[in-house]
Amino acid sequence: MTPPPLLIVILAAGMGVRMCSQRAKVLHRLGGRSLLGHALSQAEAAGATALAVVVPPASAEVRAEALAHAPAAAVFEQTQQAGTADAVLAAREALSRHAGDVLVLFADTPLIEVATLQQLIAALNQGANVAVLGFEPDDPAGYGRLILDGGGRVRAIREHKDASPSERTQRLCNAGAMAFRVPSLLELLGRIGNDNASREYYLTDAVALAYEAGLAVLPVLCAPHEAMGINTREQLAEAEAIFQRRARVKAMRNGVSMIAPDTVWFSYDTTIARDVTIEPNVFFGPGVAIGEGAEILANSHLVGARIGAGARVGPFARLRPGAEVGQDVHVGNFVEIKNASLEAGAKANHLAYIGDGRVGAGANIGAGAIFCNYDGYNKHFTDVGAGAFIGSNAALIAPVTIGERAYVASGSVISRNVEADALAIARGPQEVRPGWAAKFRGLMQNRRKKR
Ligand code: UD1
Ligand code: CA
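Reading the sequence shown from the start, the letters are residues 27 to 477 in the numbering used here.
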């Protein structure tokens, strides 16, 4: 049997006051991606057939972030942050044109695993009308409590603020994700009031209403580290720690060696092949892919870079977006690469800037060589042919082409193309004056005696 269509509604309109930030909470980042980006990726992986995102009013940034991740999503503004039920109702139009299951996700719980969301949806196929994701946190303060009846069904969710002391001792909490197979869901949500401590329309009140209407409201449990909600910067940092721990374990299980895993930082999309070794204190920003057997040495910083098999990068290398490091390439200490490719076997072992260019196979970039790519207005391209040798401290003023196997003498400032197999020297000729230093010293010492 094919499953019914699934509308996933992501709530991202909260003010996030507790973040103390000018930016919307859902734009804060975890593992190099916004919280909203995580929620959208959870939704897509969970099998959404339609997506609705509820954003704050007049927030072009949140809307743009939603559409950047999910161009097909319907975006709705919640005019006033009157609570999570009001937020779902902001997507009324999407709900009314949808016939099928509905899953509501909060954009501030980015660690929920896709398998968990699938269990929540599966509960609907096993007879639940409403499935609520529950968990037992170490510290339940702030979370809504699941109140169960004698038969294990959820009778109500009581928000922390509204809970009685005895209800607060209840450890099972609401993670936020909730799945509905309720034909008249809009009608149910419309009945939610705001008679509570926050004067808000709580989505969680849908549970008691559904229960009283005789619907089956069942809990699905997940691990506490999945369910943590991010309301404060401390919680964001805590979630980041969990995210990083997961990423490290996953990398090691896939055959990556790390000497000090706790000092290696991953992004949501870092891909690392087998038998890669990573030394301590390495940071991977978004968009990094590392090929088999490569070595990333200590204190390197990579963002938007692709590293070929068997390459060696670092220590202290900085690879910026568009760095394409080919097979067996060596990139050494204090080398910065941006929007440039180094083809197989090329070497830049120390102190160089390679920006907006190509370094052909087997070419050697000497210490201190600089690609002068920027004239203050535009960026220009430098092309270094295969097997070329760029001497130490050369400045290549782009646009410029160095032919295959050509030599550029150390200290040269190259502003014109160099043909293949040629030598280019562009530096002041050396003058040597024999005996000059001795004479000079004698003169100075005589003057001092006279004084
Ligand atoms: C909510 C739940 C609580 C649960 C906890 C799990 C309610 C009433 N409470 O509390 O039971 O234990 O999450 O983390 O649902 N939002 C809007 N519009 C609004 C209000 C919120 O879009 O008017 C969005 C927020 O952006 C956020 C999500 O809904 O993504 C949850 O809102 P938040 O205020 O963080 O709820 P909690 O107090 O954490
Ligand atoms: Ca929250």
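Even glycine gets a Cβ: it sits at the ideal position worked out from N, Cα and C.
For the alpha helix (DSSP H) assignment, the segment 303 to 367 encloses no uninterrupted run of at least 4 residues.
Annotated as proximal: L146 and L129, with beta-carbon spacing under 8 Å. Under the three-state reduction of DSSP output, R49 falls in the coil class, being neither helix nor strand. For G109, the distance from the CB to the nearest heavy atom of ligand 1 is below 7 Å.
By the neighbour-count criterion, in which 16 or more other beta carbons inside 10 Å mark a residue as buried, W462 falls on the exposed side. Distances from the CA of E362 to each of I173, A395, L93, E369 were compared; the closest alpha carbon is that of A395. For H251, the enclosing alpha helix (DSSP H) has its first and last residue at 250 to 253. In the three-state DSSP reduction, I416 falls in the strand class (E or B).
Taking C-alpha positions only, Y227 is separated from E213 by approximately 14 Å. Per the coordinates, the alpha-carbon of I285 lies some 18 Å from the alpha-carbon of T297. Within the segment 141 to 167, the complete beta strand (DSSP E) runs of at least 3 residues fall at 156 to 161. T230 and Y169 have their C-alpha atoms spaced approximately 11 Å apart.
The C-alpha of I138 lies about 26 Å from the C-alpha of D175. Distances between the C-beta of V80 and the heavy atoms of ligand 1 include at least one below 7 Å. Note: R384 is bridge-paired with S367, D409 in the DSSP secondary-structure output.
With a threshold of 16 other beta carbon atoms within 10 Å, F466 falls short and is exposed. Within the chosen limit of 7 Å, ligand 2 reaches the beta carbon of D134 through at least one heavy atom.
Here A335 is near G319, since their CB atoms are less than 8 Å apart. In this structure, P31 places its C-beta atom within 8 Å of the C-beta atom of H124.
One thing to note: I416 has its Cβ within 8 Å of the Cβ of G392.
For P191, the uninterrupted alpha helix (DSSP H) run begins and ends at 191 to 194, by DSSP.
Apart from the 5 residues on each side of it in sequence, R184 sits with its Cβ closer than 7 Å to the Cβ of G170, R171, I173, E193 in its chain, given in chain order. Secondary structure at Y403: coil, using DSSP grouped into helix, strand and coil.
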